[in-house]
Amino acid sequence: MSPDLFCEIVAGERPAHVVSSDDVAVAFLDARPVFKGHVLVVPRAHVETLADLADVGPFFARVQAMARAVEEGLKAGGTFVAMNNRVSQSVPHLHVHVVPRTKKDGLRGFFWPRTKYDSDEEAASYAALIAEALG
Numbered sequence: 001m002s003p004d005l006f007c008e009i010v011a012g013e014r015p016a017h018v019v020s021s022d023d024v025a026v027a028f029l030d031a032r033p034v035f036k037g038h039v040l041v042v043p044r045a046h047v048e049t050l051a052d053l054a055d056v057g058p059f060f061a062r063v064q065a066m067a068r069a070v071e072e073g074l075k076a077g078g079t080f081v082a083m084n085n086r087v088s089q090s091v092p093h094l095h096v097h098v099v100p101r102t103k104k105d106g107l108r109g110f111f112w113p114r115t116k117y118d119s120d121e122e123a124a125s126y127a128a129l130i131a132e133a134l135g
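Numbering-wise, the sequence shown is residues 1 to 135 according to the UniProt record's numbering.
Below you can see the structure in the form of structure tokens.
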């Protein structure tokens, strides 16, 4: 199997605004965020779907920590945590979206409007705030 985009980010072969990285997972800003501060958490080892993930607990502990950090670091009212398996999965590598939410932010159902960062520096500042909240 040829490497996918997320495998390249995990390997450091493709640039990304990495928020955290350890032996279980890598978390980085989504390049096309629903809202600024939208993080993707991916397992370090390549797996395509949740059913393929051998040890779910440690991975979802990272997702849980990221949800807390996004709320705290960005002063968000909450988070939207979601994942697709195959259908609507834009990259064939398991990934969990952690999206900062505020009341009346306009997100409705499963329509995910996308935004952009104004600059690379702005994206880096969001990544830093979330990383700092992780401790």
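Built from N, CA and C at the ideal position, the CB exists for glycine as well. Computed from a predicted model, the values in this text were never measured in an experiment.
Local conformation of residue i per DSSP, three classes
| i | result |
| --- | --- |
| V41 | strand |
| G12 | coil |
| S125 | helix |
| A133 | helix |
| R101 | strand |
Limits of the alpha helix (DSSP H) - the one that residue i falls within
| i | result |
| --- | --- |
| G106 | Taken as a continuous stretch (DSSP letters only), G106 belongs to no alpha helix (DSSP H), as it is neither H nor E. |
Identified DSSP bridge partners for residue i
| i | result |
| --- | --- |
| A67 | DSSP, once it has assigned bridges, lists no residue as partnering A67. |
| L29 | V39 |
| G57 | Answer is none; G57 lacks a bridge partner. |
Beta-carbon separation (whole angstroms), residue i vs residue j, contact threshold 8 Å
| i | j | result |
| --- | --- | --- |
| A69 | L134 | 4 Å |
| E71 | T79 | 6 Å |
C-alpha gap between residue i and residue j, whole angstroms
| i | j | result |
| --- | --- | --- |
| D52 | A61 | 17 Å |
| P113 | P100 | 13 Å |
| H46 | A67 | 22 Å |
| N84 | V26 | 18 Å |
| M1 | S21 | Unreliable placement is indicated for M1, whose pLDDT of 47 sits below 50; no coordinate value is reported for it. |
| H17 | A131 | 10 Å |
Residue i Cβ short of 7 Å to the ligand NAP heavy atom set
| i | result |
| --- | --- |
| I130 | Here there are no bound small molecules, and the ligand NAP is not part of this structure. |
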